[in-house]
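Colleague:
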Amino acid sequence: MSTFTVGLLSPGDMGHVVGQVAIASGARVITCLNGRSERTRKLAEIAGIEDVPTYSDLVREASLVICILVPAAAESVAARVADALKETDEQIVYTDCNAIAPATTVCIGKIIENAGSVFVDAGIIGGPPRQPGGTRFYCSGPDTSVFEKLNDYGLDARKVGDEIGQASGLKMCYAAQTKGTTALQTELLIAARRMGLYEGLIAEWEMSQQDRLAGMERGLPGMPTKAKRWIGEMEEIAKTFGDLGLTPKIYEGAADMYRLVSETPLADEAPETRDRSRTLAQVIDIFSEQSKSK
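The opening position of the sequence shown corresponds to residue 174 in this note's numbering, with each subsequent residue numbered one higher.
1. Since Phe292 sits in a beta bridge, which residues does DSSP pair it with?
2. How big is the Cα-Cα spacing for Val291 and Glu409?
3. Under 6 Å Cβ to Cβ from Asp262, same chain only, skipping five residues before and after it: list those, please.
4. If you drop the 5 nearest sequence neighbours on each side, which residues of the same chain put their C-beta closer than 7 Å to that of Leu417?
5. Use the C-beta contact count for Thr452: other C-beta atoms within 10 angstroms, 16 or more gives buried, fewer gives exposed.
6. Taking the alpha-carbon positions, what's the Tyr326 to Gly199 distance?
7. Does the separation of the CB atoms of Cys205 and Leu231 fall below 9 Å?
8. Starting from Cys346 and walking both ways along the beta strand (DSSP E), at which residues does that stretch end?
9. Assuming the contact rule is C-beta atoms closer than 8 Å, Val191 and Pro302 should be a hit. Round their C-beta distance to whole Å, please.
10. Could you check whether the stretch 438-445 touches the stretch 396-410, counting it as contact only if at least three pairs of C-beta atoms, one from each stretch, sit closer than 8 Å?
11. Tell me which residues share the same chain as Ala470 and place their Cβ nearer than 8 Å to its Cβ, disregarding the 5 neighbours each side in the sequence.
12. Give the straight-line distance between the Cα atoms of Tyr371 and Ala387, rounded to the nearest whole angstrom.
13. Would you kindly work out how many angstroms separate the C-alpha atoms of Val454 and Leu419, rounded to a whole number?
14. Among Phe310, Ile363, Ile404, Thr446, whose alpha-carbon lies nearest the alpha-carbon of Phe460?
15. Would you call Glu406 buried or exposed, if buried means 16 or more other Cβ atoms sit within 10 Å of its Cβ?
16. Does Asp441 come out as helix, strand or coil in the three-state DSSP assignment?
17. CB Leu343 to CB Gly296, shorter than 9 Å?
18. Leaving out five residues on either side along the sequence, give the residues of the same chain with a beta carbon under 8 Å from the beta carbon of Ala220.
19. Quick one: is Gly180 buried, meaning 16 or more other Cβ sit within 10 Å of its Cβ, or exposed?
20. Who does Leu237 pair with in a DSSP beta bridge?
21. Thinking just about the alpha-carbon of each residue, which of Gly307, Leu182, Lys259, Val434 is nearest to the one in Ile284?
22. Counting pairs of beta carbons, one from the stretch 264-281 and one from the stretch 339-356, are three or more of them closer than 8 Å?
23. Excluding the five sequence neighbours on either side, which residues of its own chain have a C-beta within less than 8 Å of the C-beta of Lys422, listed in chain order?
24. Excluding the five sequence neighbours on either side, which residues of its own chain have a C-beta within less than 6 Å of the C-beta of Pro315, listed in chain order?
25. Taking just the CA atoms, how far does Arg402 sit from Asp329?
26. Taking only three categories from DSSP, how would you classify Lys465?
27. Alpha carbon to alpha carbon, how far is Lys352 from Lys465?
28. What is the DSSP secondary structure of Gly314, reduced to helix, strand or coil?
29. Just to confirm before moving on: does the CB-CB distance between Val243 and Ile337 stay below 9 Å?
30. If you check the beta carbons only, do Leu178 and Glu234 fall under 9 Å apart?
31. Do Gly300 and Met380 have their C-beta atoms within less than 9 Å of each other?
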């Protein structure tokens with residue numbers, strides 16, 4: 174039986190773990206690191222992901238290409254892959270796993286389909302799949318069979334429908350609750366600090382909202398390393414809801430909160446090297462000072 178070869182764009186925080194899991198289960202995973210950062214190159218090396226020289230080489234060797242990037246890069250990368258497909262006359266299955274609005278996904282799907290290949294819509298729910306059962310890859314589209322082969326390679330792919338945009342929509346609704354709530358918590362904690370009420374609010378939560386407070390203490394100190402890419406995700410959620418005739422303003426505001434956080438020095442830290450002893454109170458102090466410059 175021939176080796177199942179997956180092209181991965183790009184092996185960042187999520188992508189390199191996805192590749193590592195697939196490799197451990199017998200797949201070959203390749204990427205093209207042209208123009209990528211030294212950190213991304215290092216993550217690819219750690220995961221055992223092979224680097225190929227060009228996108229043309231990628232589409233020649235892979236039967237499935239998975240795109241996991243920041244939302245803002247999704248369309249341009251799809252266009253580069255489409256150019257490579259036209260140049261080589263190859264046919265692949267291209268899966269966009271980015272946190273983007275259904276309408277954005279449909280546009281990307283047309284780019285790939287116009288290049289003669291199959292497009293699959295997907296959304297990732299959960300963190301990097303370091304432990305079995307913690308991360309799901311929801312997919313949709315007329316033909317998701319090749320993408321669903323990932324179930325044989327240590328990953329959890331689940332079809333949610335036959336239409337492009339359904340998997341993206343599920344991801345948007347889920348992230349609206351998780352990352353949207355984080356933005357809300359960040360804003361209200363900054364407000365409490367600015368009004369001199371932070372300690373009083375924490376004391377009340379210790380009596381009435383212990384589980385929620387514990388979640389903030391675990392999650393918020395590590396959030397700044399992700400804030401830059403979450404700006405675009407909130408903007409895509411706003412677009413999703415706006416396209417349905419609902420208000421986009423809640424998630425436009427969430428994007429503003431992540432934009433504020435992204436302007437602090439904490440956002441320049443790498444997830445693997447950030448100061449893990451930094452407390453919730455300490456990060457809110459930094460956010461609060463940044464908000465005063467607005």
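Where is the CB? At the ideal position from N, CA and C, for every residue including glycine.
Modeller: Judging by the given coordinates:
1. Locating residue 292 in the sequence shown gives position 119, counting from the first residue. The partner list for Phe292 (beta bridge, DSSP) reads Tyr267.
2. In the sequence shown, residue 291 corresponds to position 118, counting from 1. In the sequence shown, residue 409 corresponds to position 236, counting from 1. Val291 and Glu409: Cα-Cα distance of roughly 24 Å.
3. Counted from its first residue, the sequence shown places residue 262 at position 89. So no residue of the chain qualifies.
4. Within the sequence shown, residue 417 is the residue found at index 244, counting from 1. Cβ neighbours of Leu417 beyond the five flanking positions: none.
5. Here residue 452 refers to the residue found at position 279 of the sequence shown. Flag for Thr452 reads exposed.
6. Against the sequence shown, residue 326 aligns to sequence position 153. Against the sequence shown, residue 199 aligns to sequence position 26. Straight-line Cα distance between these residues: approximately 7 Å.
7. For this step, residue 205 is matched to residue 32 along the sequence shown. For this step, residue 231 is matched to residue 58 along the sequence shown. Pairing Cys205 with Leu231 gives a Cβ-Cβ distance under 9 Å.
8. By 1-based counting over the sequence shown, the position of residue 346 is 173. Not the beta strand (DSSP E): Cys346 falls in the alpha helix (DSSP H), residues 339-367.
9. By one-based count along the sequence shown, residue 191 stands at place 18. By one-based count along the sequence shown, residue 302 stands at place 129. That pair is a contact at about 6 Å.
10. With the cut-off at 8 Å, the stretch 438-445 and the stretch 396-410 touch.
11. In the structure displayed, the chain extends from 174 to 467; residue 470 sits before or after that span and is not available.
12. Along the sequence shown, one-based indexing puts residue 371 at 198. Along the sequence shown, one-based indexing puts residue 387 at 214. Near 15 Å, if we compare the C-alpha coordinates of Ala387 and Tyr371.
13. Taking the first residue of the sequence shown as 1, we reach residue 454 at position 281. Taking the first residue of the sequence shown as 1, we reach residue 419 at position 246. At residue 454 the sequence reads Ala, which differs from the Val that was named. Going by the C-alpha atoms only, they are around 35 Å apart.
14. As a working mapping, residue 460 is identified with position 287 in the sequence shown. Looking from the CA of Phe460, the closest CA among Phe310, Ile363, Ile404, Thr446 belongs to Ile363.
15. As a first step, residue 406 must be located in the sequence shown, where it is residue number 233. Looking at its Cβ environment, which holds 16 or more other Cβ atoms inside 10 Å, Glu406 is buried.
16. Here residue 441 is taken as the residue at index 268 of the sequence shown, counted from 1. In the displayed model, Asp441 falls within a helix according to three-state DSSP.
17. For the purposes of this step, residue 343 is taken as the residue at position 170 of the sequence shown. For the purposes of this step, residue 296 is taken as the residue at position 123 of the sequence shown. Going by C-beta atoms, Leu343 is nearer than 9 Å to Gly296.
18. The residue given as residue 220 occupies position 47 in the sequence shown. If we look at Ala220 and ignore the five residues flanking it on each side, its Cβ neighbours are Pro184, His189, Val190, Gly192, Gln193, Ile196, Val202.
19. In the sequence shown, the residue the question calls residue 180 occupies position 7. Buried.
20. The residue given as residue 237 occupies position 64 in the sequence shown. Leu237 pairs with Val179, Val266.
21. Position 111 of the sequence shown, counting from 1, holds the residue named residue 284. Measuring from the Cα of Ile284, the nearest candidate turns out to be Lys259.
22. As far as the Cβ criterion goes, the stretch 264-281 touches the stretch 339-356, which means the pair count is three or higher.
23. Your numbering for residue 422 matches position 249 in the sequence shown. Ala411, listed in sequence order.
24. Numbered from 1 along the sequence shown, position 142 holds the residue referred to as residue 315. Within the same chain, Pro315 has close Cβ partners Asp335.
25. The sequence position of residue 329 within the sequence shown is 156, counting from 1. The sequence position of residue 402 within the sequence shown is 229, counting from 1. Looking at the two C-alpha atoms, the distance is approximately 24 Å.
26. Start at 1 with the first residue of the sequence shown, and residue 465 comes out as number 292. Correct three-state label for Lys465: coil.
27. Taking the first residue of the sequence shown as position 1, residue 352 is located at position 179. Taking the first residue of the sequence shown as position 1, residue 465 is located at position 292. Approximately 23 Å between the Cα atoms of the pair.
28. Here residue 314 refers to the residue found at position 141 of the sequence shown. Here Gly314 sits in coil by DSSP.
29. Here residue 243 is taken as the residue at index 70 of the sequence shown, counted from 1. Here residue 337 is taken as the residue at index 164 of the sequence shown, counted from 1. No, the Cβ-Cβ distance between Val243 and Ile337 is not below 9 Å.
30. Position 5 of the sequence shown, counted from the start, is the residue given in the question as residue 178. Position 61 of the sequence shown, counted from the start, is the residue given in the question as residue 234. According to the sequence displayed, residue 178 carries Thr and not Leu. Taking 9 Å as the cut-off, the beta carbon of Thr178 is found closer than this to the beta carbon of Glu234.
31. Taking the first residue of the sequence shown as 1, we reach residue 300 at position 127. Taking the first residue of the sequence shown as 1, we reach residue 380 at position 207. Not in contact: Gly300 and Met380 (Cβ atoms no closer than 9 Å).
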